[in-house]
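Right, one structure below, let's go through it.
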Amino acid sequence: MKIPLDIRRLEGATILVVCAVAAGWAAVTDSIPASSELLRTMLIAGWFLLIRLLFMKNIPSPTGSGAIVMGIGIFINGAIIHFASLNNELARPLTQVLFVLFLFIAGSYIMDAVKRRLFKTHFANPLGSFAVGTWIAGTSVCGIALCQRLPDWKPLVQILVIGNIGLWLFFISRAVRNFFLFLTTDSWRKVHGVLLLSTVSTQSLVIVWKAAFGTSFYYRLLAPWMIMFGVLFYLVSFFLIARRYAQGDSAIDLDQGWFNTNCIIHGAMSITGLASAVCGVVSANIILLIWLWVLLWFVIVEIVEIARAVKRTRLYGFTDALLSYDPTQWSRNFTFGMLYAFTLNFDLAGSVAADTILQSLHDALLLYFAWVVLLFLFIEIFVFFRDRLTPDVTVTRSKI
């Protein structure tokens, strides 16, 4: 018989609340001892699996879904420190939730490999394949969180980092080939900020390696070269993106011609600055220049984003314009969180800008911008679940 959609939603919402409360209880309370972190993580995974099977749409993870881990993880690794209660009480359980999310998304890609559709789905498209960079950066962000919040898990992170480097080598080999394609054919007319994930993935390795293995002579020797390698990818990507919008056949269409991933224009340099600050071998004045570049492009890109939001709202209405889910939206959460993390780790006092108005700007960002990061994270989580938990059609059940 047919079950009315409203009743079906009510049933699902009721059970979902019970499952969510149970998962939250396991994650937050001390009913499961802290020494049993693995057991707690397994219980969280079990409840997540229950929610996934019963209530969420059965959709394979798009290539860019690693950005979910990036967006949530960078909050745990950065802005959460501004909120003392969250940092003290929830940072560790949130890290476990992040790890479970990482496993679920990675599991989807593993299933694609088992079904022999991994390459066709995620690597065949020259532009879309750059989204694989979220796999690398997501693994790095998750690994950093585990090292900081669950240090006993560091051996696991070290294994993940080594595997991540192997994936990065394959990803970069294809990225270089695709860059050559964009530079020599008309395919540059379709590029956007996803190209910059080549930079993000590269710099993320510099940061996670130090978190997992610490510093050494060889790390201090290689880190600056890796950072410069990432900057080279940034310059090529920036040139191609600028070329698209400067030499396009018509004015920029903010609705169809501007992409969420373009916020990585400032996010990619934020992670470059963070890697420079973390590795400890880059001059504070060079990091200052990176920080100023990030702030400049943050203002430019977000002004365009506001104009785009206004136009889309006029065209489609508030709900369809701003509350329709797309995995690329997580790139905004990541770039906002990365700006905060970069600012947090950049000691402006060691540069020529010490005791200038820039110091006040630096302090203001640390004081207020964490709230922006948190707000946008809540909004994106809401938009995600609104999409994934909304039934497409009326559910029918066979008569017994």
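Position in the sequence shown (from 1) plus 6 gives the number in the working numbering.
Glycine included, C-beta positions come from ideal geometry on N, C-alpha and C.
Cα-Cα separation, residue i to residue j
i: serine 37; j: arginine 46; result: Note that serine 37 has pLDDT 45, beneath the 50 cutoff, so the model's placement of it is unreliable and no number is given.
i: glycine 169; j: aspartate 353; result: 32 Å
i: asparagine 291; j: leucine 367; result: 16 Å
i: alanine 355; j: glutamine 365; result: 8 Å
i: phenylalanine 382; j: isoleucine 78; result: 11 Å
i: lysine 121; j: isoleucine 65; result: 15 Å
i: serine 282; j: arginine 250; result: 29 Å
i: arginine 226; j: glycine 323; result: 52 Å
i: leucine 238; j: glycine 72; result: 23 Å
i: isoleucine 271; j: glutamate 386; result: 20 Å
i: glutamine 335; j: phenylalanine 391; result: 13 Å
i: leucine 55; j: threonine 191; result: 45 Å
i: leucine 96; j: methionine 76; result: 18 Å
i: glutamine 262; j: serine 222; result: 47 Å
i: leucine 395; j: serine 67; result: 15 Å
Residue nearest to residue i in terms of C-alpha spacing, selected from the options
i: glycine 236; options: Gly220, Val182 and Leu49; result: Val182
i: serine 146; options: Thr127, Phe136 and Phe105; result: Phe105
i: arginine 58; options: Leu92, Ile111 and Phe384; result: Ile111
i: tryptophan 174; options: Val138, Trp53, Ser193 and Leu373; result: Val138
i: isoleucine 258; options: Thr221, Ile50 and Val310; result: Val310
i: phenylalanine 209; options: Thr191, Met234 and Thr101; result: Per the sequence shown, residue 209 should be read as glutamine rather than phenylalanine. The candidate whose alpha carbon is nearest that of glutamine 209 is Met234.
i: methionine 232; options: Lys216, Leu246 and Phe245; result: Lys216
i: valine 206; options: Arg320, Val379, Ala248 and Met344; result: Met344
Reduced DSSP secondary structure (H/G/I, E/B, other) of residue i
i: valine 103; result: helix
i: alanine 32; result: Reliability of the predicted coordinates at alanine 32 is poor, the pLDDT of 49 falling under 50, and the value obtained from them is presented with this limitation in mind. DSSP places alanine 32 in helix when its eight states are reduced to three.
i: alanine 218; result: helix
i: aspartate 326; result: helix
i: threonine 191; result: coil
i: isoleucine 258; result: coil
i: valine 287; result: coil
i: isoleucine 38; result: Model confidence at isoleucine 38 stands at a pLDDT of 43, short of 50, so the residue's coordinates are unreliable and nothing is read from them.
i: aspartate 393; result: helix
i: leucine 16; result: Annotation note: pLDDT 47 at leucine 16 (below 50); position unreliable, no value reported.
i: alanine 376; result: helix
i: isoleucine 387; result: helix
i: isoleucine 312; result: helix
i: lysine 126; result: helix
i: phenylalanine 235; result: helix
i: glutamine 253; result: coil
i: asparagine 131; result: coil
i: tryptophan 299; result: helix
i: isoleucine 21; result: Here isoleucine 21 scores only 46 on pLDDT, less than 50, and its place in the model should not be relied on; the value that follows carries that caveat. Correct three-state label for isoleucine 21: helix.
i: asparagine 64; result: coil
Beta-carbon proximity of residue i to residue j, cut-off 8 Å
i: valine 163; j: alanine 218; result: yes
i: threonine 267; j: serine 337; result: yes
i: valine 214; j: glycine 149; result: yes
i: tyrosine 331; j: phenylalanine 375; result: no
i: leucine 202; j: serine 243; result: yes
i: cysteine 269; j: valine 307; result: yes
i: glycine 3; j: threonine 140; result: Nothing can be reported for residue 3: it is not among the residues displayed for the chain, which extend from 7 to 406.
i: asparagine 83; j: glutamine 154; result: yes
Nearest-angstrom beta carbon gap, residue j and residue i [assumed within contact, 8 Å]
i: phenylalanine 348; j: isoleucine 80; result: With a Cβ gap of about 10 Å, phenylalanine 348 and isoleucine 80 do not count as contacting.
i: alanine 359; j: leucine 294; result: 6 Å
i: tyrosine 240; j: methionine 275; result: 7 Å
i: glycine 144; j: phenylalanine 176; result: Going by Cβ atoms, the distance from glycine 144 to phenylalanine 176 rounds to 16 Å, so no, they are not a contact pair.
i: lysine 424; j: leucine 133; result: Not covered by the structure: residue 424. The range shown for the chain is 7 to 406.
i: tryptophan 194; j: leucine 246; result: 5 Å
The ligand NAP heavy atom lying under 7 Å from the CB of residue i
i: isoleucine 86; result: What this structure holds is no ligand at all, so the ligand NAP is not there to describe.
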